[in-house]
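A.B. asks: Be aware that the sequence shown starts at 240, since it is given in our numbering, and climbs by one per residue.
The beta-carbon is built from N, C-alpha and C at its ideal position, and this holds for glycine as well.
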Amino acid sequence: MAESAAKGHESTWGSVLGTMLAMDMVSNGTAPASPPETDAPTDGSGLHGSTQVGMDIPAPDTWTTDGVQQRERSFGRGVTIWLGVATVVILVAALVLRFWTRSDLWLDEALTVNIARQPLHALPSYLKRDGAPPVFYVLLHVWMGFFGTSDLAVRSLSGVIGVVTVPLVWLAGRRMGGRTVGWAAMLLVATSPFAVHYDTETRMYALVTLLTVLGFLALHRVLDRPRPGNLVAVAGITGLLFYSHYWSFYLLGTTFLWLGWQAWRGRPQWRRPSRLGLMAMTIGGLSFAPWVPIFLYQSAHTGTPWATPANFAAMVNAVASFAGGGSNQGRALALIYFALIGLGLFGLATDRRHIELDIRTRPLGRPLAVIVVGTLAAAIVGGFLSNSAFDARYASVVFVPLVLLVAIGLNTFLDRRVRTTILAIAIISGLVASFANITTNRTQAGKVAAAISTRAHSGDIVAYCPDQLGPAVDRLLPGGRYRQITYPRGTGPTFVNWVDYAKATHSGSPASFAAQVEAMAGSSRQIFVVWAPGYQSLGSKCEQIVNTLQNDPRYQVHGLVVGNNAQFYQPMYLYQFVPMKS
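This is the structure in structure tokens:
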């Protein structure tokens with residue numbers, strides 16, 4: 240009788256919303272209950288090697304490891320409605336956050352916009368010096384043609400991509416582990432400070448996340464039904480990932496090896512789909528061939544001169560960044576993530592209050608863990624071998640698989656009240672940490688540009704050390720009003736040439752650059768120096784430039800902006816050098 244009533248409630252709109260937070264994948268009563276140590280049928284195939292996903296979560300009439308049948312306790316109608324309303328409010332808030340930030344464009348964003356504004360045929364030559372693949376720049380070029388180049392316009396491309404990603408994560412989670420996993424994964428991505436931040440940044444990381452979830456869905460379909468359309472989707476997304484971010488090499492390489500293992504030692508019904516998946520990924524990889532010459536040049540000459548290769552602690556830092564980094568709410572969310580990841584991989588509920596750990600790992604979480612750990616490990620090893628940097632934002636290639644593993648861990652709990660409480664804490668922590676993205680300015684470029692515009696006259700000199708400060712400030716200055724120059728190459732501020740950058744900074748002479756700036760200024764022009772210490776490969780050269788100008792008795796010096804490392808991701812100092820009247 241109770242089961243029939245529960246089914247009746249599920250047919251109503253309000254109760255369907257309640258399932259967003261509370262229902263098991265088989266809580267509609269259509270799948271038979273199974274003891275938790277057996278594989279129970281789900282809505283589709285899973286990535287561990289069968290058309291029946293090995294689930295650790297029983298159906299409403301649940302079985303525990305001691306053979307006792309337990310009935311899932313339902314929420315009342317009122318609670319269900321409130322949960323549904325809360326879910327809608329959370330999703331609306333999360334979507335609004337993807338278009339709401341007051342920050343100016345920082346270096347990477349301003350440089351991305353400057354490159355994307357170039358004619359399409361010229362993009363390869365600019366990207367050859369920048370070190371990035373082309374897909375996002377092509378999309379942004381087309382986007383700006385319709386919507387313009389304002390901060391809101393250029394960032395909205397990532398925002399729209401982020402909005403599209405959210406429901407696709409629900410679909411991926413549902414196919415992986417059922418309704419609860421689907422809704423939990425979607426809400427975690429929607430409120431993730433990491434996702435919110437990069438959905439408000441005009442860079443390729445939101446696109447990488449979208450392609451990752453699309454690749455998951457396409458590969459899932461191939462393993463379930465290896466039809467031509469599904470194989471074409473895998474091939475196409477493989478190629479797009481290669482052309483979107485080079486860390487996709489690590490993700491796709493790990494996935495390729497996993498598929499190879501499944502084709503060799505997997506279950507018999509899975510070997511042929513895996514072989515076809517390998518063929519599709521190979522074809523997708525071949526589409527990268529036209530870009531290989533540029534990629535090889537970038538690998539040899541651009542790299543990441545602004546940072547050092549990471550150690551294995553970077554894996555932990557990457558996961559922590561998904562939860563919001565160093566804020567109190569981010570640390571709380573990171574703890575939840577790590578705990579649920581462990582449960583998703585090892586946890587097996589014995590009853591509503593006890594969970595056993597299976598050191599063999601659970602089938603449902605195993606492939607996700609292989610992809611996440613394998614990708615990050617490969618990235619670290621690759622960084623050591625190529626002397627390239629590890630940055631948490633690059634780990635966007637494993638963001639979706641990791642969140643799915645977290646959602647599976649949440650589903651380990653048999654008591655839906657426990658699941659709902661933990662998910663609510665994670666959502667609130669994520670939203671609170673995400674709200675800081677509204678007011679936090681990523682760069683001091685706005686303050687610097689405002690000070691220059693207030694005090695500078697047409698024809699005055701603006702010098703940057705290093706050149707990495709130039710794009711963000713130049714974007715905010717009146718076009719063509721000032722003469723601008725950057726260290727170390729003496730070029731304009733619109734672009735940063737990363738080719739052999741460390742060599743350029745090592746060979747640059749602060750004294751010669753200061754003399755060049757003074758020569759440009761003559762006896763009547765003011766000099767504004769935008770600089771910052773601590774940049775990799777520059778040592779104290781920026782300080783030497785400033786000191787050289789300060790020691791020139793022909794100038795009166797004013798400090799206008801003090802760099803604030805605690806408040807800004809890209810801090811800057813601004814000094815004004817006013818020529819003394821003779």
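Measure how close the beta-carbons of residue 482 and residue 373 come, nearest whole angstrom, since I'm counting them as under 8 Å.
C.D. replies: Against the sequence shown, residue 482 aligns to sequence position 243. Against the sequence shown, residue 373 aligns to sequence position 134. Their Cβ separation, rounded to whole angstroms, is 6 Å, which keeps residue 482 and residue 373 in contact under 8 Å.
A.B. asks: Output yes or no for whether 8 Å exceeds the beta carbon distance between residue 433 and residue 581.
C.D. replies: Counting from one through the sequence shown, the residue named residue 433 turns up at place 194. Counting from one through the sequence shown, the residue named residue 581 turns up at place 342. In this structure, residue 581 does not lie closer than 8 Å to residue 433 by Cβ.
A.B. asks: Does the pairing of the segment 392-400 with the segment 565-581 give three or more beta-carbon distances under 8 Å?
C.D. replies: Output reads no: the segment 565-581 does not touch the segment 392-400.
A.B. asks: Identify whether residue 265 lies in helix, strand or coil by the three-state DSSP scheme.
C.D. replies: Here residue 265 refers to the residue found at position 26 when the sequence shown is read from its first residue. Residue placement at residue 265 cannot be trusted, given a pLDDT of 35 that sits under 50; the coordinates are not used to answer.
A.B. asks: Rounded to the nearest angstrom, what separates residue 427 and residue 651 at their Cα positions?
C.D. replies: Residue numbering aside, residue 427 sits at position 188 when the sequence shown is read from its first letter. Residue numbering aside, residue 651 sits at position 412 when the sequence shown is read from its first letter. Using only the alpha carbons, I get a separation of about 16 Å.
A.B. asks: The alpha helix (DSSP H) spanning residue 532 covers which residue range?
C.D. replies: Position 293 of the sequence shown, counted from the start, is the residue given in the question as residue 532. 531-540 is the span of the alpha helix (DSSP H), which, as asked, contains residue 532.
A.B. asks: Quick one: measure Cβ to Cβ for residue 709 and residue 732, integer angstroms, because I've assumed they're closer than 8 Å.
C.D. replies: Along the sequence shown, read from residue 1 onward, the residue named residue 709 stands at position 470. Along the sequence shown, read from residue 1 onward, the residue named residue 732 stands at position 493. Going by Cβ atoms, the distance from residue 709 to residue 732 rounds to 3 Å, so yes, they are a contact pair.
A.B. asks: Could you give the residue range of the beta strand (DSSP E) that holds residue 590?
C.D. replies: The residue labelled residue 590 in the question sits at position 351 within the sequence shown. Where residue 590 is concerned, the enclosing beta strand (DSSP E) stretches over 586-590.
A.B. asks: Does DSSP put residue 485 in a helix, a strand or coil?
C.D. replies: On the sequence shown, position 246 is the one that residue 485 refers to. Three-state result, residue 485: coil.
A.B. asks: In angstroms with no decimal places, state the Cα-to-Cα distance between residue 387 and residue 345.
C.D. replies: Start at 1 with the first residue of the sequence shown, and residue 387 comes out as number 148. Start at 1 with the first residue of the sequence shown, and residue 345 comes out as number 106. Distance between the alpha carbons of residue 387 and residue 345: 18 Å.
A.B. asks: Put residue 795 into one of helix, strand or coil per three-state DSSP.
C.D. replies: As a working mapping, residue 795 is identified with position 556 in the sequence shown. Strand at residue 795.
A.B. asks: Would you list the residues sitting across from residue 207 in a DSSP beta bridge?
C.D. replies: Since the displayed the chain opens at 240 and closes at 821, residue 207 lies outside it and no answer follows.
A.B. asks: Hey, could you find the ends of the beta strand (DSSP E) residue 725 is sitting in?
C.D. replies: The residue given as residue 725 occupies position 486 in the sequence shown. 722-725 is the span of the beta strand (DSSP E), which, as asked, contains residue 725.
A.B. asks: Report the rounded CA-to-CA distance for residue 744 versus residue 637, giving the unit in angstroms.
C.D. replies: Locating residue 744 in the sequence shown gives position 505, where the first residue counts as 1. Locating residue 637 in the sequence shown gives position 398, where the first residue counts as 1. Each residue's Cα considered, the two are about 34 Å apart.
A.B. asks: Using a Cβ-Cβ cutoff of less than 6 Å, which residues in the same chain neighbour residue 415 once the five nearest sequence positions on both sides are dropped?
C.D. replies: Within the sequence shown, the letter at position 176 stands for residue 415. Contacts found: 643.
A.B. asks: With a cut-off of 8 Å on the beta carbons, I'd call residue 812 and residue 681 a contact; round off their distance for me.
C.D. replies: In the sequence shown, the residue the question calls residue 812 occupies position 573. In the sequence shown, the residue the question calls residue 681 occupies position 442. About 17 Å separates the two Cβ atoms, so there is no contact after all.
A.B. asks: Do the segment 454-465 and the segment 514-525 make contact, defined as three or more Cβ pairs closer than 8 Å?
C.D. replies: Enough Cβ pairs lie closer than 8 Å, so yes.
A.B. asks: Spell out the partners DSSP gives residue 593 in its beta bridges.
C.D. replies: One-based indexing of the sequence shown puts residue 593 at position 354. 590.
A.B. asks: Determine, using beta carbons only, whether residue 738 and residue 816 come nearer to each other than 8 Å.
C.D. replies: The residue you call residue 738 lines up with position 499 of the sequence shown. The residue you call residue 816 lines up with position 577 of the sequence shown. Contact: no.
A.B. asks: Across which residues does DSSP place residue 435 in a beta bridge pair?
C.D. replies: Counting from 1 along the sequence shown, the entry for residue 435 is found at position 196. According to DSSP, residue 435 bridges with nothing at all.
A.B. asks: When you measure from the CB of residue 601 to every non-hydrogen atom of the ligand SAH, does any distance come out below 7 Å?
C.D. replies: With respect to small molecules bound, the structure shown includes none, and the ligand SAH cannot be examined in it.
A.B. asks: Please go through the same chain and pick out, in chain order, the residues whose beta-carbon is closer than 6 Å to the beta-carbon of residue 595, but skip the five residues on each side of it.
C.D. replies: Here residue 595 refers to the residue found at position 356 of the sequence shown. The residues are 587 and 589.
A.B. asks: Per the contact definition of three or more C-beta pairs closer than 8 Å, is the segment 602-609 in contact with the segment 403-411?
C.D. replies: As far as the Cβ criterion goes, the segment 403-411 does not touch the segment 602-609, which means the pair count is below three.
A.B. asks: Rounded to whole angstroms, what is the Cα-Cα separation between residue 763 and residue 818?
C.D. replies: Position 524 of the sequence shown, counted from the start, is the residue given in the question as residue 763. Position 579 of the sequence shown, counted from the start, is the residue given in the question as residue 818. Rounded to whole angstroms, residue 763 to residue 818 spans 6 Å at the Cα level.
A.B. asks: Leaving out the 5 sequence neighbours to the left and right, which residues in its chain are closer than 6 Å to residue 826 when beta-carbon positions are compared?
C.D. replies: This structure does not reach residue 826, given that the chain is present from 240 up to 821, and the question cannot be answered.
A.B. asks: Can you tell which of 498, 525 and 577 has its C-alpha closest to the C-alpha of residue 641?
C.D. replies: Position 402 of the sequence shown, counted from the first residue, corresponds to residue 641. When each option's Cα is compared against that of residue 641, the closest is 577.
A.B. asks: May I have the straight-line CA-CA distance separating residue 539 from residue 606, to the nearest angstrom?
C.D. replies: Translated into the one-based positions of the sequence shown, residue 539 becomes position 300. Translated into the one-based positions of the sequence shown, residue 606 becomes position 367. The straight-line gap from Cα to Cα measures roughly 34 Å.
A.B. asks: Determine the direct distance from the alpha carbon of residue 689 to that of residue 525, and round the result to whole angstroms.
C.D. replies: Reading the sequence shown from its first residue, position 286 is the one you call residue 525. Reading the sequence shown from its first residue, position 450 is the one you call residue 689. Each residue's Cα considered, the two are about 49 Å apart.
A.B. asks: I'd like to check one pair, residue 784 with residue 758: are the Cβ atoms closer than 8 Å?
C.D. replies: Position 519 of the sequence shown holds residue 758. Position 545 of the sequence shown holds residue 784. Going by C-beta atoms, residue 758 is not nearer than 8 Å to residue 784.
A.B. asks: Under the three-state reduction of DSSP, which class applies to residue 318: helix, strand or coil?
C.D. replies: In the sequence shown, residue 318 corresponds to position 79, counting from 1. Helix at residue 318.
A.B. asks: So if DSSP puts residue 800 in a beta bridge, which residue, or which two residues, is it bridged to?
C.D. replies: The count along the sequence shown starts at 1 and reaches residue 800 at position 561. Residue 800 pairs with 813.
A.B. asks: What does the alpha-carbon distance come out to for the pair residue 330 and residue 677?
C.D. replies: Residue mapping note: residue 330 aligns to position 91 of the sequence shown, counting from 1. Residue mapping note: residue 677 aligns to position 438 of the sequence shown, counting from 1. Using only the alpha carbons, I get a separation of about 17 Å.
A.B. asks: Write down the C-beta distance between residue 649 and residue 579 rounded to the nearest angstrom, noting that I regard them as a contact closer than 8 Å.
C.D. replies: Here residue 649 is taken as the residue at index 410 of the sequence shown, counted from 1. Here residue 579 is taken as the residue at index 340 of the sequence shown, counted from 1. About 5 Å separates the two Cβ atoms, so the contact holds.
A.B. asks: Using alpha carbons as the reference points, say which of 358, 790, 735 and 788 lies closest to residue 370.
C.D. replies: Along the sequence shown, one-based indexing puts residue 370 at 131. Considering only alpha carbons, the answer is 735.
A.B. asks: If you count every other CB in all the chains shown that lies within 10 Å of the CB of residue 771, and 16 or more means buried, which is it?
C.D. replies: The residue given as residue 771 occupies position 532 in the sequence shown. Burial call: buried.
A.B. asks: Using CA coordinates, which residue listed in 512, 489 and 486 is at the minimum distance from residue 498?
C.D. replies: Translated into the one-based positions of the sequence shown, residue 498 becomes position 259. Nearest C-alpha to residue 498: 512.
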